[in-house]
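Input: a single structure, listed below in structure tokens.
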Amino acid sequence: MVEEEAKSFPMELSEKEGVENNGFVQNEAFDEKETDTSSQEEIPKICMIDVDPVVTEEPALKPYAGMPKEVLLKFSSQARYRVTREILFWLIIAAAIMLVCATIAIIALSPKCLDWWQASPIYQIYPRSFKDSDMDGNGDLKGIQEKLDHITYLNIKTIWLTSFFKSPLKDLGYGAEDFYDIDPMFGSMSDFENLLAAIHDRGLKVIMDLIPNHTSDKHRWFQLSRNRTGKYTDYYIWQDCLQATGSVAPPNNWVSVFGNSSWQFDDVRKQCYFHQFGKEQPDLNFRNLAVQQEIHDIIKFWLGKGIDGFSFGAVKFLLEATHLRDEPRVNKSQNPESITAYSQLYHDYTTTQVGMHDIVRSFRQTMNEFSSEPGRYRFMGSDGDEKEDIEATMMYYGTTFIQEADFPFNFNLINMKNLSGNNIFEAVNLWMKNMPAGKWPNWAVGSPSAARISSRIGKEYVNVMNMLLLTLPGTPVTYYGEEIGMENIASENVSEEHRNSDPVTLSEKSPMQWDGKENAGFTEGNSSWLPVHSDYQSVNVEIQMTWSNSTLNLYRELTSLRSNELPINRGWMCYVWNDSDVFVYVRELDGLDRVFMMVLNFGQESTVDLKALVPNLPSEAVIRLSTNFSNTGKAVNTKLIKTEMGEGLVLEYKTANAVHTMEAFQGRCFVAEKACYSSAFNLLHVNC
């Protein structure tokens, strides 16, 4: 009975509920067994119930947020949606095309951005005299690293280090004993790498000196050459000079830069070697391709370390004539036997020989291998040629198609014999009128081989010289200490040892004066390698930072003006007036109505009527900067501009009449990187 009820139970469920739920299967084996057709009971049929559909009207469907694809497709083909969609599509395409065209136009019309070596002044450091970190009295690389904040305080972004190679430290250390090592006096290679990293961490750049012309006589190459060892035999210039009598007779009358014969007898090789500088600095033989490759390897080594550029010095001496003829005398009547000074000969056979520029250009090509990475252009500077031969100097810029130096260093402002407004004009104009089109000028008022400004031309002209330096077009170069107006020390305070080992002008430039403490804060040791100047308690960085009218603060204001004002940064320069006392010029930019006029006094008290010199000049201008800070911000009458001895003014005024467009000033205006300003778009362009 129970069994029958169990069998009938599914039937009752089926009849009552309509469908049996077999979704839960407890056991697969059981399931297979139950589904066996031989033993499975007949599955009851499902009852179907027919329902008469109620005829209803479907409501109108409208678009709604989150509708599925099927609903969306019902509306997308309707005209009002399709047309709107197509209009939006073509508007987006048109906008994209316009954006691309505008971008191309902006790129095409934009002037070349100033590179890092153009945008910032260069600050030159002689490491031995900058800062001593280990109390031995000699400046070093760690000391430079300690004082990097001073560089950034000056708004300067490029540092130029003079030679720090291992050397006997003769002639500024430019006769290297090892081009791949640091002189222990300055530190170690690790110190250099740390300094380089610290410089780059601050967003600064660093260039270094390289004198490829000669080495020290202590160099391994020279020691191998004097012993005629393998390929090194001809690394230097050797000539027979030993007479049968045992006396030495130089091969010709060539004289070294430092005086006396440029040939020195070597007891080991029994020949004379050639030296254009000191006898401890034998010249390399650049007609030997192996020597050229050695220099290329040195360049690659330091660029690989991360150096941002080189200043190549003494390159005009790289080659000498192979015929070894006597050089012509300046004074034909002078006894040939009495010639001992470099100035007594014309150096036709020992400087700027054919092929020399090819060697310098090859240096540039090697540096270009490291310049392909964006933002890592490697700068190349070189020294110039003879002071009197400006055309020869300009050849170092290269040509339109062949790149050489970015610029040869310009020392015209240092080489002036007498200071006056006219002489300043001549020095500036000499460079600008001879510089090839599209090239970039540079200026220096101090260097390792020149006396300091205050000692060379007078303390009263330090500020106006710095104002000239930082407002001329191009890259200014400042030698350490000129930003605070340091002076040379008296030569009698320099030891005989230092006078003999270094140029007189260097040995008279004392260590950097940082503060009023003992040894001017240069060293914490008992003494410095050269004595500090006696004025260090009033002429130092620390105290001048607190004086509003100090040389240091004026220098800083000028570097800020140069970096922030487009007309001074990259605009036109036009000469307005010069006489024995003043030099006047303007800096302006196309499209910008703000003009700066520099009135610089290099003589005695003077009064100039600027309005009579420049047509349509406003009757009033504002003193933007003055060497006398109390005058800054004052309005002055342009008909009556008065300046005292050594005073400098940066006047600012607004005008729509650019000086460089006036007929009266044609031939008196120059621009290196031409650009125009658009006030509508607040950008620079070249379509002037």
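Taking this note's numbering, the leading residue of the sequence shown gets -7, the next gets one more, and so forth.
C-beta atoms are modelled at their ideal positions from N, C-alpha and C, and glycine is treated no differently.
Here the structure is a predicted model, which is why all the values come from computation and not from measurement.
Closest residue to residue i among the options (Cα-Cα distance)
i    : options                   : result
F575 : I199, N421 and L153       : N421
Y265 : L281, K308 and E312       : E312
E479 : P607, K509, S112 and S447 : S447
N674 : Q336, L411 and I98        : I98
S217 : L276, A190, I199 and S248 : L276
A650 : L316, I117, D582 and T95  : D582
G563 : R77, D507, S520 and L464  : L464
Y166 : N147, Y118, T150 and G131 : Y118
Q505 : S121, S555 and Y224       : S121
M565 : D571, I633 and V578       : V578
K139 : G640, R586, G513 and T647 : G513
I229 : P610, P274 and L641       : P274
M127 : K451, F355, N518 and S159 : N518
T462 : L405, G270 and T515       : First, the amino acid is wrong: residue 462 is Leu here, not Thr. Per the Cα distances, L405.
V568 : E185, R660, R261 and T95  : R660
N570 : D226, P176, M590 and G238 : M590
Y334 : T543, T647 and V249       : V249
G638 : G595, T150, L602 and T144 : G595
I114 : N402, L522 and S526       : N402
K509 : V600, L522, K501 and I535 : I535
I143 : W539, E557, S254 and I476 : I476
D381 : S363, F355, T344 and F417 : T344
A436 : E474, G270 and R554       : E474
N360 : D350, I291 and Q658       : I291
Residue i, buried or exposed, once every other Cβ within 10 Å from all chains shown has been counted against 16
i    : result
Q231 : exposed
Q70  : exposed
T385 : buried
H206 : buried
N455 : buried
L146 : buried
R616 : buried
F304 : buried
C680 : exposed
G640 : buried
G58  : exposed
Y56  : exposed
Q18  : Below a pLDDT of 50, predicted positions are generally treated as unreliable, and Q18, at 45, falls in that range; the measurement from the model is reported next regardless. Per the 10 Å Cβ criterion, exposed.
N532 : buried
G376 : buried
H192 : exposed
L80  : exposed
I560 : buried
Beta carbon of residue i nearer than 9 Å to that of residue j
i    : j    : result
F588 : E580 : yes
Q268 : T342 : yes
I136 : L91  : no
S671 : H677 : no
N244 : E319 : yes
N511 : V469 : no
S441 : D124 : no
V628 : V614 : yes
S439 : Y471 : yes
P449 : M459 : In the sequence on display, residue 449 carries Ile and not Pro. No, the pair does not count as a contact, with Cβ atoms beyond the cut-off.
L202 : F171 : yes
S618 : K631 : no
R353 : E396 : yes
T391 : W432 : no
D132 : M177 : yes
G413 : D573 : yes
M200 : W152 : yes
S208 : A168 : yes
M372 : G301 : yes
Per DSSP, the bridge partner or partners of residue i
i    : result
F662 : M565
E580 : W564
L202 : F304
C668 : D582 and H677
E557 : DSSP lists no partner for E557.
A436 : V469
P400 : S374
T635 : S598
Minimum Cβ-Cβ distance from residue i to chain C less than 9 Å
i    : result
D141 : In the structure shown, chain C does not exist; there is a single protein chain.
In the stretch 221 to 300, which residue ranges form an unbroken alpha helix (DSSP H) of at least 4 residues, counting only runs that do not cross its ends?
281 to 297
Contained beta strand (DSSP E) runs [length at least 3] in the stretch 112 to 192, N- to C-terminal order:
114 to 117, 150 to 153 and 170 to 174
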